[in-house]
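Undergrad:
2 protein chains.
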Amino acid sequence: MIKKQDLINLDNEDVLSPFRNEFHLPENTYYFDGNSLGMAPKITHEKMRKVIVNEWGQGVIRSWIDHEWGISPQRIGNKIARLIGAEDGEVIAADSTSINIFKMIAAALQSNPGRQVVLTEKDNFPTDLYMMQGLENFTPNQISSKIVSSSDLIDSLDESVAALLLSEVNYKTGSIAQMKEITQKAHHKGIMVIWDLSHSVGSIPVNLNDCLVDFAVGCGYKFLNGGPGAPAFLFAAKRHHHKIEPILSGWFGHADPFAFSEQYTPAKDVTRLMCGTPPLLGLIALECGVDILLRADINLLREKAKKLGSIFIDLIEEKCKNLDFLLASPRDNSKRGGHVSLSHPHGFALSRALVERGVVCDFRTPDIVRFGITPLYMRYQDLYDAVEIIADVAKSTNWEEQDATVALYT
Amino acid sequence: MIKKQDLINLDNEDVLSPFRNEFHLPENTYYFDGNSLGMAPKITHEKMRKVIVNEWGQGVIRSWIDHEWGISPQRIGNKIARLIGAEDGEVIAADSTSINIFKMIAAALQSNPGRQVVLTEKDNFPTDLYMMQGLENFTPNQISSKIVSSSDLIDSLDESVAALLLSEVNYKTGSIAQMKEITQKAHHKGIMVIWDLSHSVGSIPVNLNDCLVDFAVGCGYKFLNGGPGAPAFLFAAKRHHHKIEPILSGWFGHADPFAFSEQYTPAKDVTRLMCGTPPLLGLIALECGVDILLRADINLLREKAKKLGSIFIDLIEEKCKNLDFLLASPRDNSKRGGHVSLSHPHGFALSRALVERGVVCDFRTPDIVRFGITPLYMRYQDLYDAVEIIADVAKSTNWEEQDATVALYT
């Protein structure tokens, strides 16, 4: 039987607790959705004011050089590199995750001439599947997408496959894929590997180079707290840079953009994977979030997240007995990433009712309610209060009525 | 002989003059680069503070619905539509100009099965050429880029051409292309037409639907004053929506993104041309700039811009006689867009020296110094002072020394 005082004691002992004060805390809210949109650092609007009023307002165009706007994709990329086990010059912050997936699929296909299959699993995040489909629809002779169930994935790694595209942490269940082992198995068959780190960066320690990963992409607005629709990032291992002929060959990926030559010549390093003019305001907000994470120890964050997740599961099992919840995430916290998923027969209606009561979680089809675990700003004691609300909502709701209401609403 | 007092009188009579107070004015600066990066509206950082502190800070994920973040690409698109003669539901604000060019090239090729040539002119902005080249390099069997000189353009419109990609206002010379006439000629040969409005939106009146344009793209950070690297926009005529199968088929272009289905199904309208999660902070800043423009009358702005440009040229010819300047823009102000270009044998060194003296202009190879004309915040009297500085710099500079310095610097 978990007591609230025990959790308060854990908070008092928590060396990470000061980070909570660096965020705007939404009133009357238990925020379990930092895996979808991270909270707002207090520094962000101050920094944004400085950039808009001083740098843009006073320096205007000169700030591309004078305030180093022009190298922000690389500077922020190098910071993110430290969170994912990459080197300086292997990561840039740019575009959206979807666009970066597209770039990496094309790069992997180019790097593996004679092969056309891009393999992924059904459970991958939909935009990963969609980006494959869009390219395949346009040029069916050059790419053939193959979407298999997770259980068939390893058996599907064969010499027809050009590239394997996988998420490290599953967006529904939160389960962690074995990056090193899978990458190695793919490499044995000559397959290039692209990892989508959207649900892992800033949540679990990632070591791309140790796993010999070829390419990766990731999201800036979840655990990096970069703001709604923040720029994403991409990683390309140095050994591949010289071979990549970018399909999205915009002027900011050119070796010398301001020569304004008629012919595209890619920049010699990862910069060639940039496309248009960098989205400066979004990048600055992203950097604010990344800077906070770099001051926290990712291993300490991970340990706290495991503990938060396990206590949350224990509390649910204690307080929500016989209320139709089933754990949809791995119970073993070494196999579970930054969220805990519970299935519930009225999952959607339940998630809406919880949000109404201030327990902000989200829903994923068909019946999954996701609870994001964000150790940078989450307290142990809040788990207790939130689970009491969850139990109360699950007990007291008339599901037929509630399902009807949300059906009207959506 | 133009007198400064005459110009002060013009400012006093200028009904647009109050708009200048809505911008941060850089100190000791005559800003002639609004065609490259527009100035910062004062409202932008206030609005950004509200969005970051209140909407993101308090509402967090709920603000996608509660504060209508989710429909901002369409809302801002509809506002931009009013500046370019498009209808509601034909424009979205999204991604970068380069990415949007790519989307539109692919859409035009799909709409014209059996044809592969994408035609443009050498003088088009380089990223337009580069985006064609990247796609061609990836899939040479489906697209063949053809880059001709401006004088050969009309003769090159034949039945092999799938799409014509042109800028309405030339980034070097500022000359305005005859959109209606060229579009009509292309249509007679069954060619789809994509206009790049980067240097025309917010600067000259544009009427896409009157010209029966198929597709268009444009930039948010020039005359729209949307901030460094602001999101761009794209236009697709309603008659084409149902035929477009987006090559960049990200989840935000899906008919029902939150159904998380495995199969991409495009949204039924222009929304299908969205790709990843919308870059909210950048979009909000863009909207601040667009809202100001919507309060100004584009026809009044255009009249003022013509007058500013002509007075600038007159002043240059009066005060910079025998100083090696040549007008590189059309003298006829009905044929000249939002900047005046002067060629000068030491153009690059000259432009650097002018920036040092507070006359912020820019340089384009091989010898063009560009002076942006932005009637929203530019005063007539400043032309006088700026041209005096230009004359002084052009007279007093030791070019050999200056050329050597900038060679070291670049």
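Protein chains in written order, with this note's numbering: chain S, 15 to 424; chain P, 15 to 424.
Positions of the beta carbon are idealized from the N, C-alpha and C atoms, including for glycine.
Applying the criterion that 16 or more other CB atoms from any shown protein chain within 10 Å of the CB defines a buried residue, is residue 221 of chain P buried or exposed?
TA: When all chains shown are included, residue 221 of chain P counts as exposed.
Undergrad: Which of helix, strand or coil does DSSP assign to residue 45 of chain S?
TA: Three-state result, residue 45 of chain S: strand.
Undergrad: When you check each C-beta in the segment 46-69 of chain S against every C-beta of chain P, which residues fall closer than 7 Å?
TA: Result list: 47, 50, 51, 53, 54, 58, 59, 62, 63, 66 and 67.
Undergrad: Using a Cβ cut-off of 8 Å (strictly closer), state whether residue 282 of chain P contacts chain S.
TA: No, because no Cβ of chain S sits closer than 8 Å to the Cβ of residue 282 of chain P.
Undergrad: Quick one: give me the first and last residue of the beta strand (DSSP E) that residue 6 of chain S is part of.
TA: There is no way to answer for residue 6 of chain S, as the model of chain S reaches only from 15 to 424.
Undergrad: May I have the straight-line CA-CA distance separating residue 387 of chain P from residue 249 of chain S, to the nearest angstrom?
TA: C-alpha separation (whole angstroms): 40 Å.
Undergrad: Is the segment 73-85 of chain S touching the segment 211-219 of chain S in the sense that three or more CB pairs, one from each, lie closer than 8 Å?
TA: With a cut-off of 8 Å, the segment 73-85 of chain S and the segment 211-219 of chain S do not count as touching, because too few Cβ pairs lie within range.
Undergrad: Residue 189 of chain P and residue 350 of chain P - do their beta-carbons sit closer together than 8 Å?
TA: For residue 350 of chain P and residue 189 of chain P, yes; Cβs fall inside 8 Å.
Undergrad: Given this structure, state the Cα-to-Cα distance separating residue 94 of chain S from residue 84 of chain S, to the nearest angstrom.
TA: Rounded to whole angstroms, residue 94 of chain S to residue 84 of chain S spans 17 Å at the Cα level.
Undergrad: Just the C-alpha distance for residue 18 of chain P and residue 100 of chain S, rounded to the nearest angstrom, thanks.
TA: Between residue 18 of chain P and residue 100 of chain S, the C-alpha separation is close to 59 Å.
Undergrad: Classify residue 335 of chain P: buried if its beta carbon has 16 or more other beta carbons within 10 angstroms, exposed otherwise.
TA: With fewer than 16 Cβ atoms within 10 Å of its Cβ, residue 335 of chain P is classed as exposed.
Undergrad: Listed from N- to C-terminal order along the chain, which residues in the segment 155-172 of chain S have their beta-carbon within a distance smaller than 9 Å of any beta-carbon of chain P?
TA: If the cut-off is 9 Å between Cβ atoms, the segment 155-172 of chain S has 155, 156 and 161 near chain P.
Undergrad: Could you tell me the alpha carbon to alpha carbon distance between residue 108 of chain P and residue 114 of chain P, rounded to whole angstroms?
TA: Straight-line Cα distance between these residues: approximately 8 Å.
Undergrad: Starting from the beta carbon of residue 275 of chain P, find every residue of chain S whose beta carbon is closer than 7 Å, and list them in chain order.
TA: By Cβ distance, chain S contributes 140.
Undergrad: What is the rounded straight-line gap between the Cα of residue 282 of chain P and the Cα of residue 148 of chain S?
TA: Those two C-alpha atoms are separated by around 16 Å.
Undergrad: Using the Cβ count rule (16 or more neighbours within 10 Å means buried), how would you classify residue 210 of chain S?
TA: With 16 or more other Cβ atoms within 10 Å, it is buried.
Undergrad: Taking the alpha-carbon positions, what's the residue 286 of chain P to residue 280 of chain P distance?
TA: So the alpha carbons of these two residues sit roughly 5 Å apart.
Undergrad: Going along chain S in order, which residues have a C-beta closer than 7 Å to the C-beta of residue 127 of chain P?
TA: The premise fails here: residue 127 of chain P is roughly 12 Å from chain S at the closest Cβ pair, so nothing lies under 7 Å.
Undergrad: Distance, Cα to Cα, residue 48 of chain S vs residue 391 of chain S?
TA: Whole-angstrom Cα-Cα distance: 9 Å.
Undergrad: Does the beta-carbon of residue 260 of chain P have 16 or more other beta-carbons within 10 angstroms, so that it is buried, or is it exposed?
TA: Flag for residue 260 of chain P reads buried.
Undergrad: Just how far apart, CA to CA, sit residue 233 of chain P and residue 247 of chain P?
TA: Straight-line Cα distance between these residues: approximately 7 Å.
Undergrad: Determine the burial state of residue 20 of chain P: buried for a count of at least 16 other Cβ atoms within 10 Å of its Cβ, exposed for fewer.
TA: Its Cβ having fewer than 16 others within 10 Å, residue 20 of chain P is exposed.
Undergrad: Contact defined as beta carbons within less than 8 Å: I believe residue 97 of chain P pairs with residue 133 of chain P. What is the distance between those atoms, to the nearest angstrom?
TA: Not confirmed; about 27 Å, so no contact.
Undergrad: Between residue 262 of chain S and residue 90 of chain S, which are expected to be in contact by the criterion C-beta below 8 Å, what is the C-beta distance as a whole number of angstroms?
TA: Going by Cβ atoms, the distance from residue 262 of chain S to residue 90 of chain S rounds to 19 Å, so no, they are not a contact pair.
Undergrad: At which residue ranges does the segment 183-268 of chain S contain complete alpha helix (DSSP H) runs of 4 or more residues, listed in the order of the chain?
TA: The segment 183-268 of chain S contains these whole alpha helix (DSSP H) runs: 193-202.
Undergrad: Would you grab the beta carbon distance between residue 255 of chain S and residue 284 of chain S for me? Rounded to a whole angstrom, and I think it's under 8 Å.
TA: With 8 Å as the limit, residue 255 of chain S and residue 284 of chain S qualify as a contact, their Cβ atoms being about 6 Å apart.
Undergrad: So that I know if they touch, is there some Cβ in chain P lying closer than 8 Å to that of residue 72 of chain S?
TA: Closer than 8 Å to some Cβ of chain P, the Cβ of residue 72 of chain S qualifies, so yes.
Undergrad: By the 10 Å Cβ neighbour count, where 16 or more other Cβ atoms means buried, how is residue 257 of chain S classified, buried or exposed?
TA: Classification of residue 257 of chain S: exposed, given that the 10 Å Cβ count is below 16.
Undergrad: Would you tell me roughly how many angstroms separate the C-alpha atoms of residue 401 of chain S and residue 315 of chain S, rounded to the nearest one?
TA: The alpha-carbon atoms of residue 401 of chain S and residue 315 of chain S are separated by roughly 22 Å.
Undergrad: Step through the CB atoms of chain P and report whether any lies within less than 8 Å of the CB of residue 136 of chain S.
TA: So, interface residue.
Undergrad: Who does residue 386 of chain S pair with in a DSSP beta bridge?
TA: Note: residue 386 of chain S sits in a beta bridge opposite S:353.
Undergrad: Give a single yes or no on whether residue 118 of chain S has its beta carbon closer than 7 Å to a heavy atom of the ligand SAM.
TA: For the structure depicted, the ligand SAM is absent and the ligand set is empty, with no information on it obtainable.
Undergrad: DSSP three-state label for residue 17 of chain P, please.
TA: It is coil, neither helix nor strand.
Undergrad: Just curious, the beta strand (DSSP E) that residue 181 of chain P is in, first and last residue?
TA: That run of the beta strand (DSSP E) goes 175-181.
Undergrad: Among P:276, P:243, P:356 and P:146, which residue has its Cα nearest to the Cα of residue 276 of chain S?
TA: Ranking the options by Cα distance to residue 276 of chain S, first place goes to P:146.
Undergrad: What residues of chain P sit near residue 369 of chain S, judged by a beta carbon separation below 8 Å?
TA: By Cβ distance, chain P contributes 76.
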